[in-house]
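Chemist: Take this structure, written in structure tokens, and hold onto it; I'll ask about it next.
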Amino acid sequence: MRHEVLFSGFGGQGIILSAVILGRAAALYDHKHAVQTQVYGPEARGGASMSAVVIDDDPILYPKVAHPDIYVIMSQQGFEKYGADAPPSAIMLLDSELVLGRPDCRYREIAATNEAKDTIGRVIVANIVMLGAVVTATGIISREAIEQAVLDSVPKGTEDLNMTALRRGFELGEEERT
Amino acid sequence: MTTLEFMQGNAACCEGALAAGCTFFGGYPITPSTEIAEQMALKMPKRGGVFIQMEDEIASIGAVIGASWTGARAMTATSGPGFSLMMENLGYAVMTETPCVVVNIQRGGPSTGQPTMSAQGDMLQCRFGSHGDISTIALVPSTVQEMFDLTVKAFNLADRFRVPAFLMSDETIGHMREKISIPDSVEIIPRKEPKPGMLIYEAEEDMVPGFPTFGKGYRAHITGLTHNERGYPEATNPELHEALVRRLVDKVESRRHEIADYDAVNTDAETVFITYGPSTRTVRQVLHDHPDETIGHLNLRIVWPFPEDTLKLFPNAKTFIVPELNLGQMAREIERHVTGQRVISMGRLGGTIHTPAELYDKVQEVA
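Chains as they are written, first to last, in the numbering used here: chain A, 1 to 178; chain B, 1001 to 1367.
Set out below in structure tokens:
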């Protein structure tokens, strides 16, 4: 089954890294296939950054995102540019502090930035909190796979911080699951 | 043994070069090829190789040619504007029969155009861009795995035929990340050395002279001027010039069916897509979504020298559709070789790749 995940936020939030980690987790640790792409234009350096991951059990032929079924939105500008037109069949995880709009599709409000800032104490891991929530809210890949991929991808010395963030994200995604 | 990785196309190109034994990278970073220079700068010194950032792309290809004469497998990576600057020295590489690999991660042109967007606008430039009659080899990957595999192959072909080999990729494949399997070792076809008693530019039966690596005791004179078999200029001898240039072209062109690398699918079809690079992926999606085997597909991993015999693999073909990220550059070549079949060019500009729906609609339209 082909899944298309679209991430958007603002430059510096780690939107691209989130997509790379998700793709890596699916491809290397859940033994699926994954293609990660991103927008490279100047708007990605400060405006609305966007990255996408296609995940499938079979090899991925057309590599671009055509019809996302999962949206992960972490800024209002990202919502307006990439999320506002999400089709009713999609599901959206949005950062409830940073995104003011709400889509027509099913959505989950995840307080990723608040959690990172207030509970964990480092706003920089907001993207990892969100990534944890994506995994438990959608079940698109396993917890074990995303844990391995996060550990592969974060700087040495920040493993505990990132694991704390990821696991808090797991909880938020589960709480929100309906 | 192989190692699985999740990596970017440009990084896979780097890994392919290193696996192939590349020990020299000379380049000037340019979007969307920059990651290749970045990775080379990081990895090359750790393997005892040389990374050098030159003042521009003219100097970059010059340095690569020089390094190749010391016996190194040498490479550069660039995009449109840098590729244009390399044209004169690439002709020098052809004339002096210097093996080298030039990676072009194509972006939208002309001029500085669209630095961050995908294109295939340099497909004729790599074939005809340098002055004089030349023939070179161009490989086009459509997956991250092929970025690795075809980079390795480019080095082997460059050494075997003593020509520049071009990896003509594009922003889409260069920047996407996907799963790749990296083998512990790859097949390396070494350059042949001159046979004892043969002159420096005396070609063997395969039209390729042995390579007299600098520092190995050969007396070699290398020049871009028309030269005799001893390597010395003889630029006003009409017969010599004709024989030399014909050999430089024929050593590649006469082996085009041996060099060819392609997949042919649904060969009974009347409507056949011919693709290279990212549109290969789109056509495969169309064939997957419409599995009735009525749509043929020829995917070319090597486009130059053009393997025209592959067209004959589709004996029932009435229409060839050629989706490419330019205004019909390879379609033009295909038109030269068809025997009555219609060639429909689906040129696309702007930086995004063809969608499956677009291509399927075209099939319906021509049927």
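The C-beta atom is built at its ideal place from N, Cα and C for all residues, glycine as well.
(1) I1321(B) lies in the beta strand (DSSP E); which residues open and close that run?
(2) V54(A) by DSSP, collapsed to three states: which one?
(3) For T1098(B), collect the residues of the same chain with a Cβ closer than 6 Å to its Cβ; drop the 5 residues on either side in sequence, then sort them by chain order.
(4) Would you grab the beta carbon distance between I1200(B) and A1220(B) for me? Rounded to a whole angstrom, and I think it's under 8 Å.
(5) Hey, would you say V1140(B) sits closer than 9 Å to S1169(B), going by beta carbons?
(6) Which ranges does the alpha helix (DSSP H) cover as unbroken runs of at least 4 residues, wholly within the segment 134–167 of chain A, from first to last along the chain?
(7) Would you be able to state if there are at least three C-beta pairs under 8 Å between the segment 58–71 of chain A and the segment 4–16 of chain A?
(8) Using the beta-carbon count (16 or more within 10 Å), is V1366(B) buried or exposed?
(9) Just to confirm, is the Cβ distance from F1083(B) to C1126(B) under 9 Å?
(10) For the alpha helix (DSSP H) that P1238(B) lies in, which residues bound it at each end?
(11) Interface residues of chain A around I1288(B) at Cβ under 7 Å?
(12) Pairing CB atoms from the segment 111–119 of chain A with CB atoms from the segment 1018–1026 of chain B, are three or more of them under 8 Å?
(13) For G9(A), does the count of other Cβ atoms within 10 angstroms reach 16, so buried, or fall short, so exposed?
(14) Comparing the C-beta of A34(A) with each C-beta of chain B, is any distance below 9 Å?
(15) 9 Å is my cut-off, CB to CB: does L1150(B) come that close to chain A?
(16) Taking T1355(B) as the query, report the chain A residues whose CB atoms sit under 9 Å from its CB, ordered along the chain.
(17) Let's see if you can read the secondary structure: which residues bound the alpha helix (DSSP H) around K1312(B)?
(18) DSSP three-state label for C1022(B), please.
(19) Can L131(A) and S18(A) be called in contact, C-beta distance under 9 Å?
(20) Please go through the same chain and pick out, in chain order, the residues whose beta-carbon is closer than 6 Å to the beta-carbon of I1030(B), but skip the five residues on each side of it.
(21) Excluding five sequence neighbours on each side, which residues of the same chain lie with their C-beta closer than 6 Å to the C-beta of S75(A)?
(22) According to the Cβ coordinates, are I179(A) and S153(A) closer than 9 Å?
(23) Does the separation of the CB atoms of S1060(B) and Y1028(B) fall below 9 Å?
(24) What's the C-alpha gap between M1075(B) and I1036(B)?
(25) Note down the Cα distance separating V35(A) from H1290(B), rounded to an integer number of angstroms.
Modeler: Let's see:
(1) Start and end: T1319 to E1324.
(2) strand
(3) Result list for T1098(B): I1065 and S1068, in chain order.
(4) 5 Å
(5) yes
(6) Segments of the alpha helix (DSSP H) lying fully in the segment 134–167 of chain A: 143–153.
(7) yes
(8) exposed
(9) yes
(10) P1238 to E1253
(11) It should be pointed out that residue 1288(B) corresponds to His in this sequence rather than to Ile. Correct list: L61.
(12) no
(13) buried
(14) A34(A) counts as touching chain B.
(15) no
(16) Y62, K64 and A66
(17) Careful: K1312(B) lies outside any alpha helix (DSSP H) and carries neither H nor E.
(18) strand
(19) yes
(20) T1078, S1079 and G1082
(21) G9, F10 and L98
(22) Chain A is shown from 1 up to 178; residue 179(A) falls before or after that span and cannot be answered.
(23) yes
(24) Cα-Cα distance, rounded: 10 Å.
(25) Going from the Cα of V35(A) to the Cα of H1290(B) covers about 22 Å.
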